[in-house]
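Numbering (our numbering), first residue to last: 17 to 602.
We put the CB at the ideal spot given by N, CA and C, even for glycine.
Remember, predicted model here, so these are calculated numbers, not experimental data.
Written out below as structure tokens is the structure these notes cover.
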Amino acid sequence: MRIRDTGDLWWKNAVVYCLDVETFMDWNDDGIGDLPGLVQRLDHLADLGITCLWLMPFYPTADLDDGYDITDFYGVDPRLGDAGDLVELIRTARDRGIRVIADLVVNHTSDRHPWFRSARSSPDSPFRDFYVWRTDEPPPTDDQVVFPDQESGIWTYDEQAEAWYRHRFYKHQPDLNTANPQVRDAIAKVVGYWAEVGLSGFRVDAVPFMLADTANSPHDDIEHPHEFLKALRSFLTRRTGDAILMGEVNLPYEEQRLFFGDGDGDGSAEGDELNLQFDFVGMQQLYLALARQDAGPVAQALRDRPVIPRDAQWATFVRNHDELTLDKLSDEERGEVFAAFGPDEDMQLYGRGLRRRLPPMLGGDPRRVRMVYSLLFTLPGTPVLFYGEEIGMGENLAADGRLAVRTPMQWTSGRNGGFSAAPPRRLSGPVVEGGYAPQHVNVADQRRDPDSLLVFVQTLIRRYRECPELGWAEHAEILDQPHAAVLAHRSTWQDASMIALHNLGPDAVTVPLRLPDLAREPGDAGPADGTATTRSAAADDTPVRLVDLLEDAACPVGEDGRVELELPAYGYRWLRVVRPGSRRLL
């Protein structure tokens, strides 16, 4: 196993942590989280084992969409701090071994952005073609809106411009016209600026929308939309060799493959577009599996994953900062998940998702919560955590829409969860109440409890980082066994191999496995890759073992490659394949 490879393509076995500065830690007690507060809490992330910090938008904003309506791509929202504070964050995070990436939101701007203000002022404005306009009245487009509860179409008439402008999201977020080479150059300039400041890459928002207009104009200088993404990746790589683009591409697997830059789909080429893509399909199948207590949907999603380029990666997650979208499920399947985890209409959003966090959805059952996060870290890919998941935070349904899961971080059991000393009415969002309030769920208490969820997640992260096969395996091998509720899968990279078992059901089971490659005749040699000593390779008749990485236990594999493993209700096991003479630490 060439462990040095994991340092070159660092994103393939990173642990990513997403947060909103505004809700993480308020250091000046004005009620709004800030960059100095985040710096003060970096040691929490370092102790947790985080290797990559993803910042939600910190740019100046009209703040009508929680920061995603940007008024200046080159600035820092003064409520959060200044550019110097951001540099201090990046420098301090780097000292802790944490890279920093940020949201790149260039599908649209705020309607208060100087570009749009100039564009609407005159047809002759140099920024007029930075946006998408039409002078004829558009047809109905209610079937194209992203937020159907807020907008009735994607075109809005602007009195000053005397034309309609397009907005696939909110009307206060006019779409940038990426068919215009000047817009693409402006986007590259933004990327180059923040790379120079010290960011290690970007989470690219709404990638398919960003590319939708590209190559659609006879005056465009590229022939295919993906040429823009390739050019952006190439530009970033020239500026910062190991920086990444992690893309939000909520499409079926076969279409996602194209966004890695693998046009023929054989996975042999080096990817030249996105480094990582979120596995939305796998996430949605996970919730369907949890609702049914049947591992089948997850197993099928893992089988359906396409082969991707060697340097590309899937970003796996349990939930993110948006609604928990279920749009890739059928109506019947979505109904099953709604019934199990969001039966009240107030828990649902846009008719396609949930605005809840995992622990309340699972009824607070610690066995199920831990099983899900164990599964997350064993899925081949790079795990992404949303702030507060490490302590089991809940949602506050009194907050509007998606803000229900973007509540202030809960640091202590004190006032406002230790987030801020400001009066509650001045906070950036309402603190969670009830059984998941800070009095019951907070970092400080869990740091001192060896049986806490926080300590458990720390253990998962440490073990994940010690098992590069989980990030580097080309695919998950689904192992045959008789229990519908159990997912048994194996990840292998070079000579490293691990078997993971997860029981989604309420009954304890015995899982029989047959592992033909581990069958061993007496006198067989040890591994032929140099990891065994000459003496042990020549004479060791010790059977292959499956060593549990989460408990002090091991199980020998029979000479015929068979083994039986006990799995409690909602149980989980991480089992490293240890051959005679192996020198890996356990």
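Is residue i buried or exposed, if buried means 16 or more other CB atoms sit within 10 Å of its CB?
{"i": "Gln198", "result": "exposed"}
{"i": "Lys28", "result": "buried"}
{"i": "Gly97", "result": "buried"}
{"i": "Arg254", "result": "exposed"}
{"i": "Arg592", "result": "buried"}
{"i": "Ala524", "result": "exposed"}
{"i": "Val100", "result": "Note that residue 100 corresponds to Gly in the displayed sequence, not to Val. Under this definition Gly100 is an exposed residue."}
{"i": "Ala355", "result": "exposed"}
{"i": "Asp127", "result": "buried"}
{"i": "Leu601", "result": "exposed"}
{"i": "Gly672", "result": "Look at the range of the chain in this structure, 17 to 602, and you will see that residue 672 is not part of it."}
{"i": "Glu405", "result": "buried"}
{"i": "Gly257", "result": "exposed"}
{"i": "Asn458", "result": "buried"}
{"i": "Pro466", "result": "exposed"}
{"i": "Tyr209", "result": "exposed"}
{"i": "Gly397", "result": "buried"}
{"i": "Pro73", "result": "buried"}
{"i": "Pro424", "result": "buried"}
{"i": "Tyr173", "result": "exposed"}
{"i": "Tyr606", "result": "The structure shown does not extend to residue 606, since the chain is modelled only from 17 to 602, so the question has no answer here."}
{"i": "Pro241", "result": "buried"}
{"i": "Thr151", "result": "exposed"}
{"i": "Ala544", "result": "Residue placement at Ala544 cannot be trusted, given a pLDDT of 43 that sits under 50; the coordinates are not used to answer."}
Indicate the three-state DSSP secondary structure (helix, strand or coil) for residue i in the structure shown.
{"i": "Glu169", "result": "The residue you asked about is not Glu; residue 169 is Gly in the sequence shown. Three-state result, Gly169: coil."}
{"i": "Arg115", "result": "strand"}
{"i": "Phe132", "result": "helix"}
{"i": "Ala204", "result": "helix"}
{"i": "Leu54", "result": "helix"}
{"i": "Arg335", "result": "coil"}
{"i": "Ile106", "result": "helix"}
{"i": "Ala554", "result": "Only weak support exists for where Ala554 lies, its pLDDT of 38 falling under 50; the value from the coordinates is given anyway. In the structure shown, Ala554 sits in a helix (DSSP, three-state: H, G or I)."}
{"i": "Glu178", "result": "coil"}
{"i": "Tyr269", "result": "helix"}
{"i": "Val593", "result": "strand"}
{"i": "Leu261", "result": "strand"}
{"i": "Ala544", "result": "Here Ala544 scores only 43 on pLDDT, less than 50, and its place in the model should not be relied on; the value that follows carries that caveat. Three-state DSSP puts Ala544 in coil, outside helix and strand."}
{"i": "Asp564", "result": "strand"}
{"i": "Gln198", "result": "helix"}
{"i": "Gln364", "result": "strand"}
{"i": "Ile86", "result": "strand"}
{"i": "Leu215", "result": "coil"}
{"i": "Pro572", "result": "strand"}
{"i": "Thr77", "result": "strand"}
{"i": "His456", "result": "coil"}
{"i": "His60", "result": "helix"}
Across which residues does DSSP place residue i in a beta bridge pair?
{"i": "Leu483", "result": "A small fix is needed here, since residue 483 is Cys in this sequence, not Leu. Answer is none; Cys483 lacks a bridge partner."}
{"i": "His518", "result": "Leu503 and Tyr588"}
{"i": "His491", "result": "In DSSP, His491 forms no bridge with anything."}
{"i": "Trp70", "result": "Cys34 and Ile117"}
{"i": "Thr341", "result": "Gly369"}
{"i": "Gly577", "result": "Paired residues: none, contrary to the question."}
{"i": "Tyr147", "result": "Leu192"}
{"i": "Trp330", "result": "Gln293"}
{"i": "Trp27", "result": "Its beta-bridge partners do not exist; DSSP assigns none."}
{"i": "Thr526", "result": "Glu582"}
{"i": "Trp509", "result": "Ala512"}
{"i": "His183", "result": "DSSP output for His183 lists no bridge partner at all."}
Could you check how far apart the C-beta atoms of residue i and residue j are, in whole angstroms? I think they sit under 8 Å.
{"i": "Trp171", "j": "Pro154", "result": "4 Å"}
{"i": "Leu581", "j": "Ala315", "result": "Incorrect: roughly 17 Å between the Cβ atoms, too far for contact."}
{"i": "Phe294", "j": "Glu264", "result": "6 Å"}
{"i": "Val9", "j": "Phe275", "result": "Lying before the first or after the last residue shown, residue 9 is absent from the chain, which here runs from 17 to 602."}
{"i": "Val563", "j": "Ala570", "result": "4 Å"}
{"i": "Thr230", "j": "Phe218", "result": "Not quite, the Cβ-Cβ distance comes to about 18 Å (not below 8 Å), so this is no contact."}
{"i": "Leu583", "j": "Val527", "result": "5 Å"}
{"i": "Asp42", "j": "Ala415", "result": "In fact, because the Cβ distance is near 17 Å, the residues do not count as touching under 8 Å."}
{"i": "Phe357", "j": "Arg372", "result": "7 Å"}
{"i": "Ser168", "j": "Asp159", "result": "At roughly 11 Å, the Cβ-Cβ gap does not stay under 8 Å, so Ser168 and Asp159 are not in contact."}
{"i": "Arg132", "j": "Asn196", "result": "Residue 132 is actually Phe in this sequence, not Arg. About 14 Å; that fails the 8 Å criterion."}
Complete alpha helix (DSSP H) runs within the stretch 277 to 325 (minimum length 4 residues, chain order): Runs of the alpha helix (DSSP H) inside the stretch 277 to 325: 296 to 308 and 312 to 320.
At 3 residues or longer, what runs of the beta strand (DSSP E) sit wholly inside the stretch 217 to 247? Uninterrupted beta strand (DSSP E) stretches at least 3 residues long and entirely within the stretch 217 to 247 occur at 217 to 220, given in chain order.
Ranges of the alpha helix (DSSP H) found wholly within the stretch 366 to 433, counting only runs of at least 4: Scanning the stretch 366 to 433 from its first residue to its last, the whole alpha helix (DSSP H) runs of 4-plus residues come out as 374 to 377 and 382 to 394.
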